[in-house]
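Take a look at the structure set out below.
Numbering (my numbering), first residue to last: 4 to 273.
Written as structure tokens, this is what we have:
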């Protein structure tokens, strides 16, 4: 049976850059992008063309930031896709490669972050599970000092993005992917959980466990809908992708209020 022809629209580097600019992406700004390449349509050049288009829209003075998480560097006892035999656990914990910003691939965040991670000149933060990569003049400032015990808190790129006045681009991605909401979770007292991973230390590779705030994202779509209802969010299309653009600081501040009083999230602020 013949393969059906691709569905459009047909997108190019030039068309994507133009539509990103029309959406509101500004030259010189710092942008945290969450992307779904497949939602755009047929992209000539795939993820490479999309990264080029983002960089074109931002210009030489802009900085592009993406999540390059490596959640597979984790305790194999909690793996589900697939689960592994219990007898394997000691060997896996002893042999999983330690996180290396240059070598460790991103996992579960799509092909665009992986393209940015491997882009010439890209810098990547040091967290073994929750790293971010950046391209542009602010890359070093954004990615520096990412503490192992602070995935998304005050010593993470998210706090630096907030300080820098960055905006968030959801390019075909939903609010469930909005990592900015995690920064709000870190600022609210709540339960903690343990995270384990292989990391390099001055003493060499070590299996390391840290305690951090629990950061469930199961209500992020609901939170995002409330945020969009109560706050000014730029909405439009890039290719076939429904896209949103908003200040990261606004999203964090709103999430701090909403997460503390979710019962009030249905009422707009007075």
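Beta carbons: idealized from backbone N, C-alpha and C, even for Gly.
Query	Result
With DSSP collapsed to three states, give me the class of residue 15.	coil
Based on Cα-Cα distance, which residue from 224, 65 and 199 lies nearest to residue 176?	224
To the nearest angstrom, how far is it from the Cα of residue 89 to the Cα of residue 9?	44 Å
Return the residue from the list 98, 112 and 236 that minimises the CA-CA distance to residue 72.	112
State the CB to CB distance for the pair residue 100 and residue 109, rounded to an integer number of angstroms; the pair is presumed to be in contact (CB under 8 Å).	Actually they do not touch by this definition, with Cβ atoms about 14 Å apart.
Going along the chain, which unbroken runs of the alpha helix (DSSP H) with 4 or more residues stay wholly within the segment 23 to 66?	49 to 61
Cβ atoms of residue 173 and residue 247: under 8 Å apart, would you say?	yes
Below 8 Å, how does it come out for the segment 123 to 134 and the segment 145 to 159: are there three or more Cβ pairs, yes or no?	yes
As a quick exercise: from 199, 19 and 74, pick the residue whose alpha carbon is nearest that of residue 2.	Any answer about residue 2 is impossible in this case: the structure gives the chain only from 4 up to 273.
Whose C-alpha, out of 5, 221, 207 and 229, is nearest the C-alpha of residue 103?	207
Within its chain, find whatever has a CB closer than 7 Å to the CB of residue 32; leave out the 5 residues flanking it on each side and keep chain order.	61, 65 and 170
Between residue 194 and chain D, is any beta-carbon pair separated by less than 8 Å?	Looking at the structure shown, chain D is missing, and only one protein chain is on hand.
For the 8 Å Cβ check, are there 3 or more pairs between the segment 38 to 58 and the segment 233 to 250?	yes
Quick check: the Cα distance between residue 289 and residue 163, rounded to an integer number of angstroms?	Outside the shown range of the chain (4 to 273) lies residue 289, about which nothing can therefore be said.
In whole angstroms, give me the CA-to-CA distance for residue 106 and residue 193.	34 Å
Less than 8 Å between the C-beta atoms of residue 165 and residue 252, yes or no?	yes
Scan the segment 219 to 272 and note each continuous alpha helix (DSSP H) run of 4 residues or more that stays entirely inside, going in chain order.	223 to 233 and 251 to 263
How far does the alpha helix (DSSP H) with residue 97 in it reach, from first residue to last?	92 to 98
Compare the C-alpha of residue 81 against each of 68, 95 and 23 and name the closest.	95
Measuring straight from C-alpha to C-alpha, what distance separates residue 235 and residue 23?	18 Å
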